[in-house]
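As structure tokens, the structure follows; a few thoughts come after it.
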Amino acid sequence: MPNLRIGLPTRSLRLPLRQALLKAAELGADGVEIDARNELRVADFSQTAVRQFRKTLSDLGLELAAVAFPTRRGYDDPSELDRRVLATQQAMTLAYKLGARTVVGRVGRIDEDGERRERLVGSLELLAAHGERVGARLAAQTGAESGAALRSLLEELPEQGVGVAFHPGELLLGGYDPQEALEELAPHITYVQAGDAVHDFAERRVVEVELGRGSVQAPELLGALEERGYDGWVTVDRREGQNPAGDLGDAIAYLRAL
Numbered sequence: 001m002p003n004l005r006i007g008l009p010t011r012s013l014r015l016p017l018r019q020a021l022l023k024a025a026e027l028g029a030d031g032v033e034i035d036a037r038n039e040l041r042v043a044d045f046s047q048t049a050v051r052q053f054r055k056t057l058s059d060l061g062l063e064l065a066a067v068a069f070p071t072r073r074g075y076d077d078p079s080e081l082d083r084r085v086l087a088t089q090q091a092m093t094l095a096y097k098l099g100a101r102t103v104v105g106r107v108g109r110i111d112e113d114g115e116r117r118e119r120l121v122g123s124l125e126l127l128a129a130h131g132e133r134v135g136a137r138l139a140a141q142t143g144a145e146s147g148a149a150l151r152s153l154l155e156e157l158p159e160q161g162v163g164v165a166f167h168p169g170e171l172l173l174g175g176y177d178p179q180e181a182l183e184e185l186a187p188h189i190t191y192v193q194a195g196d197a198v199h200d201f202a203e204r205r206v207v208e209v210e211l212g213r214g215s216v217q218a219p220e221l222l223g224a225l226e227e228r229g230y231d232g233w234v235t236v237d238r239r240e241g242q243n244p245a246g247d248l249g250d251a252i253a254y255l256r257a258l
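The sequence shown: position 160 = 160 (full-length UniProt numbering), numbered continuously.
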């Protein structure tokens, strides 16, 4: 990936959004991923606010890599489903206005069949159609289900209707092999979140760690993505740790070195 574009999620910096944007530029990121549920309110973004936000990014030499929209429930859950779908559509519209083509979210539990599966497919069809209209596409984050299960779901949807936000660290945390998931999902991957994790044998669990210090084989995964023609964003991710800015800066340098 000779023209690798590296971003970071501003929420990982644990700073107010304006300060997080300044820090992202300082760390050498090419772009940022913002959280449209917890860092800003979609309803508050007038056309003036959109123009001002885009100018701020431009002044800092940043692009908007993606918008995250982490809903509390998946699109398989009937509780307030219409409201959840509408809110996601609004986030997709805002993402495009702000300059991003990807909205990252968790789709929910993927059953093999039944009412829950039908509800999930129907909801994602609505979101896929909205994405086609507004120009920003939903990307299902990996980790909660196997690559094979997610692929089977995507194959029921319109072609290129919903993409995949490939997160190897979350796959490890979920008990799945990132390389196997990549093989299953490669044609659908539209966004990459470069997180890492490792087995903590003392605590008998998998824990998130700084990129390059865990079990994720980043060079191999990036090489496999390049072979398949992936040329999108790679966003470094860090959920834990006492020094998020330092860890994210190291992760950016690690990817540049590759």
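Cβ atoms here follow ideal geometry from the backbone N, Cα and C, with glycine treated the same way.
Neighbour-count burial assignment, residue i, 16 or more Cβ in a 10 Å radius
{"i": "T48", "result": "exposed"}
{"i": "K97", "result": "buried"}
{"i": "D82", "result": "exposed"}
{"i": "K55", "result": "exposed"}
{"i": "R133", "result": "exposed"}
{"i": "D113", "result": "exposed"}
{"i": "A257", "result": "exposed"}
{"i": "R72", "result": "exposed"}
{"i": "R106", "result": "buried"}
{"i": "Q19", "result": "exposed"}
Cβ-Cβ separation, residue j to residue i (assumed contact under 8 Å), whole Å
{"i": "G123", "j": "V164", "result": "Before going further, note that residue 123 is Ser rather than Gly in the sequence given. So it is not a contact: roughly 17 Å between Cβ atoms."}
{"i": "T10", "j": "E26", "result": "Rounded, the Cβ-Cβ distance is 13 Å, inconsistent with contact."}
{"i": "G241", "j": "D247", "result": "5 Å"}
{"i": "residue 260", "j": "L62", "result": "Absent from the structure is residue 260, since the part of the chain shown begins at 1 and ends at 258."}
{"i": "L255", "j": "V236", "result": "7 Å"}
{"i": "G195", "j": "L211", "result": "7 Å"}
{"i": "V198", "j": "L157", "result": "At roughly 34 Å, the Cβ-Cβ gap does not stay under 8 Å, so V198 and L157 are not in contact."}
{"i": "G161", "j": "G108", "result": "Actually they do not touch by this definition, with Cβ atoms about 16 Å apart."}
{"i": "V234", "j": "L57", "result": "The Cβ separation is near 18 Å, so there is no contact."}
Identity of the residues DSSP links to residue i by a beta bridge
{"i": "E63", "result": "G31"}
{"i": "D200", "result": "R205"}
{"i": "L138", "result": "V103"}
Coil, strand or helix - residue i by DSSP
{"i": "Q193", "result": "strand"}
{"i": "R238", "result": "coil"}
{"i": "L8", "result": "strand"}
{"i": "A186", "result": "helix"}
{"i": "F53", "result": "helix"}
{"i": "G163", "result": "strand"}
{"i": "A68", "result": "strand"}
Top-ranked residue by Cα proximity to residue i, from the options
{"i": "L17", "options": "R37, G28, R213", "result": "R37"}
{"i": "L172", "options": "T190, T56, V206", "result": "V206"}
{"i": "A218", "options": "L15, H167, D200", "result": "H167"}
{"i": "Y176", "options": "Q193, L40, V192, T142", "result": "T142"}
{"i": "A100", "options": "D76, L126, A66", "result": "A66"}
{"i": "V103", "options": "D111, S79, A128, E115", "result": "A128"}
{"i": "G169", "options": "R151, V209, R14, S146", "result": "V209"}
{"i": "I110", "options": "A149, A140, S12", "result": "A149"}
{"i": "E180", "options": "R137, A224, L138", "result": "A224"}
{"i": "E183", "options": "E145, R228, D59, Q89", "result": "R228"}
{"i": "T88", "options": "F53, V42, S58", "result": "V42"}
{"i": "R239", "options": "G108, N3, S12, R5", "result": "S12"}
Any C-beta of chain D under 9 Å from that of residue i
{"i": "S152", "result": "Annotation note: the requested chain D is absent from the structure, which comprises a single protein chain."}
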